[in-house]
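Asks: The UniProt record's numbering puts the sequence shown at residues 1 to 155. Using N, Cα and C, we set each Cβ at its ideal position, and we do this for glycine too.
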Amino acid sequence: MAATDFEGRLQDDLLATTAEVEAARESDAALVDARPVDFYRDETQSPAARAPGTIPGAVNLPHHAALVERDGAYYLDPERLKANIEALGLDPEAPTVAFCNTGHWAASGWFQLSEVGGLESVSMYDGSMAEWAREDDRPLQLAERGTVTVGDLVD
Numbered sequence: 001m002a003a004t005d006f007e008g009r010l011q012d013d014l015l016a017t018t019a020e021v022e023a024a025r026e027s028d029a030a031l032v033d034a035r036p037v038d039f040y041r042d043e044t045q046s047p048a049a050r051a052p053g054t055i056p057g058a059v060n061l062p063h064h065a066a067l068v069e070r071d072g073a074y075y076l077d078p079e080r081l082k083a084n085i086e087a088l089g090l091d092p093e094a095p096t097v098a099f100c101n102t103g104h105w106a107a108s109g110w111f112q113l114s115e116v117g118g119l120e121s122v123s124m125y126d127g128s129m130a131e132w133a134r135e136d137d138r139p140l141q142l143a144e145r146g147t148v149t150v151g152d153l154v155d
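This is the structure:
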């Protein structure tokens, strides 16, 4: 096999900024938290984020929920994934932003939503909860307490 040159380029339209996430909260865009449910429900907190919880209005599509184990390896089950996306009631034509703690699970979420799920306008918030929780006045959704601000939860 002969070597080949590859030249990648950043596709800025696939990344969402914090300002775009704030705007998405006020529009018909969907916010999809790709973290496991215990992070989404604020039962677990990433050390990268200043506070637990999720972005208000977000739905949860855990990055691993459509994986199946077979012969010691994990595979994405497209039918299970499509059923999970359908259960969330996402509009396939509306803008959708995937996020997690620091962007790694959000990358999987972006791929699942866009490339397998067929949603048309998916971006990834690579700063995710680590960036969202930097400002004290940003809102967080907690499973038991409702909406609070980051500043309500940190010293």
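(1) Work out the CA separation of A98 and Y125 for me, nearest whole Å.
(2) When DSSP builds the beta bridges, which residues end up paired with F99?
(3) Taking only runs of the beta strand (DSSP E) that begin and end inside the UniProt domain "Rhodanese" (25-141), which ones reach a length of at least 3 residues, in chain order?
(4) Can you list, in chain order, the residues of its chain whose CB lies under 6 Å from that of G151, leaving out five sequence neighbours each side?
(5) Who are the Cβ neighbours of T149 in its own chain at under 8 Å, not counting the five residues just before and after it?
(6) Closer than 8 Å is the cut-off here; do at least three beta carbon pairs connect the stretch 76-88 with the stretch 44-57?
(7) Over the uninterrupted alpha helix (DSSP H) stretch that includes G146, give me the two end residues.
(8) Sorted by chain position, which residues of the same chain lie with C-beta nearer than 6 Å to Y75's C-beta, five sequence neighbours on each side aside?
(9) State the DSSP-derived secondary structure class of L15, mapped to helix, strand or coil.
(10) Mind checking whether L61 and L88 have CB atoms under 8 Å apart?
(11) Could you check how far apart the C-beta atoms of D42 and A143 are, in whole angstroms? I think they sit under 8 Å.
(12) How is V154 classed by DSSP in three states: helix, strand or coil?
(13) In whole angstroms, what is the alpha-carbon distance linking P95 and S128?
(14) Given a cut-off of 8 Å on the beta-carbon distance, is the pair L10 and S123 in contact?
(15) Evaluate H64 with the Cβ neighbour count: other Cβ atoms within 10 Å of its Cβ, from every protein chain shown; 16 or more gives buried, anything less gives exposed.
Replies: This is what the structure holds:
(1) 6 Å
(2) D33
(3) 30-33, 67-70, 73-76, 96-99, 122-124
(4) D136
(5) D136, D137, R138, P139, L140
(6) no
(7) From DSSP, G146 is part of no alpha helix (DSSP H) but of the beta strand (DSSP E) over 146-149.
(8) V68
(9) strand
(10) yes
(11) 6 Å
(12) coil
(13) 17 Å
(14) no
(15) exposed
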